[in-house]
Each structure stands twice: as C-alpha cells, then as structure tokens.
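Here's the structure, in structure tokens; my notes come after.
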Amino acid sequence: MKIATLEQPGRFTLADGTRAKTPGPQEVLARVLTVGICGTDLHAFEGTQPFFSYPRVLGHELAVEVLSVGGGVGDLKPGDKCAVNPYMTCGVCAACSRGKTNCCAKMCVIGVHTDGGMCDSIVLPAKQLYKVEKLSPAMIPLVETLGVGIHAVGRAGVIPGERAIVIGAGPIGLSVIEFLRVAGADIGVVEKMPERLDFAARHHHLQRFYPSHEEARQEEASMLVFDCTGDRGSMESSIHLLQQGGKLVFVGLINDSISLFDPDLHRREATILASRNSTPAEHHKVLDAMERGEIDVSAWPMEIAPPESMHQRFPLWLKREAGIVKAVINWS
Ligand SMILES: [Zn+2]
Ligand SMILES: [Zn+2]
C-alpha cells in the first residue's frame, strides 16, 4: 500500500508500506478517497508547526469509503462514503464534560498527533466517521475546514443584520463568511491579496471589501470582528475595527505573543474570544448544510492533485500568491 510520510520539514517520501488491515471492535477499515490540505499540513511541511514531531503521515481532512467494519459497528457498512472527524477527545476533562470537546485538554488529532490518512487505507474508530449521501469526494474534506467557520460564528453569537468584518479571505476566512451569511450578518472583508479579496467580494456580493486595515478603518466599525490571518500585525490592529461593546474573535493563531493597548479594550468594553476547532454537533450541521446546498464551496479556487505531486506542489501552496485557496489530494 502507498503511504506518504513527511520525514522532516520539506521532505515527503512516497513508499509501499503495511498497516493494520483488520478493524477491531467499534473500528472501521476504510479506503482513503481524498485528503484536504490545510494550514497545519503546510506549516508541518514548512517546519513551523508548534509541538509537531517527525516523521509523520499527514492527512486529517479526509473522505473515506468503508471497506469493512469491526464488532459492534451497527450504523456503517462497506461502501459507505464518509467524512472523518479528526479530533479524538478524552470525554472526561473539564472541557469535554461541558461539551467543549473542541478544546479537550488531551486532544489528539488524527494526522497531526498520530499518523493520518495519506495512505491507501486506514483503521479508524467508527464514531469518528460521518456518513455522506450526496457530496463528491473532493468536497467531503471541506467539512472539517467549514467546521472551523461554523464554530467561530457560533462563538460570536450573531444577531441577523449585525455588522461584521472578516480579516483574511483564505479557507478559514471564507468558511467564517459562509456561516455569517447563513446567520444573516452584514458582512465586510479585509484581505491584502487582490485575487482573494476579489473572489470573496464577488462570490458573496459584498458591499464592503478592503485591501488593508487602514482602508477599513475609514468606515464605521463593526460589532463583530473575526481575525482569520494568524498574522501578528493584523491581530494587534484588529481591535481598531471593533465597535463599542463589540466582540473580537481570533480564529487564526500565531505561535507568539500578541499585545493590545488596554485602553483600546477598556473603552470599548470589548469581548475577546479565541475560537478553536469544532465539535461533532457542528460537523453534523456543516455536513447537513452542504448536502442541502445551503453551503456550496465548489466555486472556491481549488486544486485537485495526485499524491506524487505533493513534494513539488506543497512549496507552491505555501505561497498565497499561487492563488490556491484549498488543495485536495486525490488518493483513490
Ligand atoms: Zn485542517
Ligand atoms: Zn477532554
């Protein structure tokens, strides 16, 4: 079987290997159909992902097809196409016991902390799989990407018509915009890359779109600000786009300190929220919205590539200038 291993930053090997073939109780053996590539994968390739160890088989945004099921698995059968929840959680920590499994203290992410889906087949706990009826394999990995968006919008608690602004129009920013639209918010966007700004504005018929914070600051501030950049300069100045009494949500993250001028927070009585991952309930909502066509991301600038091209394409996907918002590896 073909396995891609990220041996060290910048180096993939694609080799034949063997992996467990028999699913145990409550497990499923599944064929990997597609693997979405997200920031975590790109940063691991670049060598900038915090707390990441090599070698590692990447792949946490997966579309799979069930090959066989172990004992006690009643709701899945061979041939079922599924999305995968990559977040393995403990179920007993303070966060889990409050339903906040997205920030479990013992979070283990398939394809990040353990070997993932960049291989022909994988054994997974059956409870991590969500059966998909209609979506194409290229769209299924986006369930995880969009989960980050639905969670961030849920954190903010949007009121219909409320003025919101999203900073950064990459896959996470676009995911946030999708669910702000569903929630009925009045949406603006800040993005310095012209192609990304143009896509977000056109695709969502936005009236407010700005190439910089400075330009956005010329207009009325927003009650909700979502920073999806992971860029320190942007995160530190995002408070200036926030209205009095508003909420600032950090969806992107940076492996560094950020600093805010306290009077800027205090004067606004700002609420600062971090937003991390998503929960199984949110995955189900995303999947349902995608299957009903309420959310359709098929127009996003995507590239579908074969596993053999990864060593050559990853450096390009790291450069935002390449114009690819989402890359998906076609594994089958
Ligand atoms: Zn991801
Ligand atoms: Zn937990």
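Quick note, the sequence shown lines up with residues 2 to 333 if you use this note's numbering. Ideal Cβ positions, reconstructed from N, Cα and C, are used throughout, including at glycine.
Review point. Just to confirm, does V93 get its C-beta within under 7 Å of one of the non-hydrogen atoms of ligand 2?
Key: One-based indexing of the sequence shown puts residue 93 at position 92. Because some heavy atom of ligand 2 lies under 7 Å away, the Cβ of V93 counts as near it: yes.
Exercise for review: Could you tell me whether the stretch 123-137 touches the stretch 71-87, using the rule of 3 or more Cβ pairs below 8 Å?
Suggested key: A contact is defined here as three or more CB-CB pairs under 8 Å, and the stretch 123-137 meets this definition with respect to the stretch 71-87.
Point to revise | Coil, strand or helix - G112 by DSSP | key: Working through the sequence shown from its first residue, we reach residue 112 at position 111. The answer is coil: DSSP assigns G112 none of H, G, I, E or B.
Check your understanding: Apart from the five residues on each side of it in sequence, which residues of its chain come closer than 8 Å, Cβ to Cβ, to H152?
Key -> Reading the sequence shown from its first residue, position 151 is the one you call residue 152. Counting only Cβ-Cβ distances below 8 Å, and skipping sequence neighbours, we find N103, S276, R277, N278, S279, T280 and E283.
Review point. From F227 to G234, what distance separates their C-alpha atoms?
Key: On the sequence shown, residue 227 is found 226 positions in, with the first residue counted as 1. On the sequence shown, residue 234 is found 233 positions in, with the first residue counted as 1. Rounded to the nearest whole angstrom, the C-alpha separation of F227 and G234 is 14 Å.
Review point. Is it right to say N256 is buried, meaning 16 or more other beta carbons lie within 10 angstroms of its own, or is it exposed?
Key: Stepping through the sequence shown from its first residue, residue 256 is reached at position 255. Around the beta carbon of N256, fewer than 16 other beta carbons lie within 10 angstroms, which makes this residue exposed.
Practice item. Would you check if the stretch 206-214 and the stretch 140-151 touch, i.e. whether three or more CB-CB distances between them fall below 8 Å? Key: Under the 8 Å Cβ criterion, the stretch 140-151 does not count as touching the stretch 206-214, having fewer than three qualifying pairs.
**Study point:** Proximal residues to R269 (C-beta, below 8 Å), its chain only, five neighbours per side dropped
**Key:** If you number the sequence shown from 1, residue 269 lands on position 268. Excluding positions up to five away in sequence, the list reads I240, L243, Q244, Q245, G246 and G247.
Exercise for review: Find the nearest neighbour of E216 within the set I168, D232, M224 and R182, judged by alpha-carbon distance.
Suggested key: The count along the sequence shown starts at 1 and reaches residue 216 at position 215. Per the C-alpha coordinates, the member of I168, D232, M224 and R182 positioned closest to E216 is I168.
Review point. Count the other CB atoms within 10 Å of the CB of V93; is the residue buried (16 or more) or exposed (fewer)?
Key: Within the sequence shown, numbered from 1, the residue matching residue 93 stands at position 92. With fewer than 16 other Cβ atoms within 10 Å, it is exposed.
Check your understanding: With distances taken from CA atoms, which of E295, W318 and G294 is nearest I1?
Key -> Nothing about residue 1 can be reported from this structure: the residues present for the chain run from 2 to 333 only.
**Study point:** Every unbroken beta strand (DSSP E) inside the stretch 95-167 [3 residues or more]
**Key:** Every beta strand (DSSP E) of 3 residues or more that sits fully in the stretch 95-167 is shown, in chain order, as 122-126 and 130-133.
Practice item. Would you mind working out which of N86, C105 and D199 sits nearest H285, comparing C-alpha positions? Key: Position 284 of the sequence shown, counting from 1, holds the residue named residue 285. Checking every option, the nearest Cα to that of H285 belongs to N86.
Review point. Given that a residue counts as buried once 16 or more other Cβ atoms are within 10 Å of its Cβ, and exposed if not, what is E8?
Key: Within the sequence shown, residue 8 is the residue found at index 7, counting from 1. Counting every other CB atom within 10 Å of its CB across the protein chains shown gives E8 a total below 16, marking it as exposed.
Point to revise | Sequence-distant residues of the same chain with beta carbon closer than 8 Å to V33, five excluded per side | key: Position 32 of the sequence shown, counted from the start, is the residue given in the question as residue 33. The residues G60, L63, A64, V65, G118, M119, C120, D121, S122, I123, W332 and S333, in chain order, have a CB closer than 8 Å to that of V33 in the same chain once the five nearest residues on each side in sequence are set aside.
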